[in-house]
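Notes follow once the structure below has been shown.
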Amino acid sequence: MTRASVILNRYAKGDIEPCEARRLIDEWAAELTRLEADLQTLTCSLRPEEPLVHPAQTHSTLN
Numbered sequence: 027m028t029r030a031s032v033i034l035n036r037y038a039k040g041d042i043e044p045c046e047a048r049r050l051i052d053e054w055a056a057e058l059t060r061l062e063a064d065l066q067t068l069t070c071s072l073r074p075e076e077p078l079v080h081p082a083q084t085h086s087t088l089n
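So the number in this note's numbering is just where the residue sits in the sequence shown, counting from 1, plus 26.
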């Protein structure tokens with residue numbers, strides 16, 4: 027289950043109030059935004075001429 031599903035299920039069961047569900051979803055959205063920014067930074071730091079896998083490793087995995 028995704029975090030959103032867990033939050034919505036807890037709300038549907040009456041375990042949490044609407045304002046608490048909204049706060050949890052807002053926190054989750056903020057975390058996703060931070061992770062997206064981190065991923066963008068990492069992606070931009072890779073240079074196109076640098077392979078992600080060493081060519082020898084690629085060759086050995088194909089055999």
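Each residue gets a CB set at the ideal place from its N, CA and C atoms; glycine is no exception.
No experiment lies behind these values; they were computed from the predicted model shown.
- Residue range R29 to K39 is occupied by the alpha helix (DSSP H) that includes I33.
- Under the criterion of beta carbons closer than 8 Å, R36 and W54 do not qualify as touching, at roughly 13 Å.
- With contacts defined as CB atoms closer than 8 Å, I33 and L50 qualify as a contacting pair.
- In this model, A38 and A47 are separated by some 10 Å (Cα to Cα).
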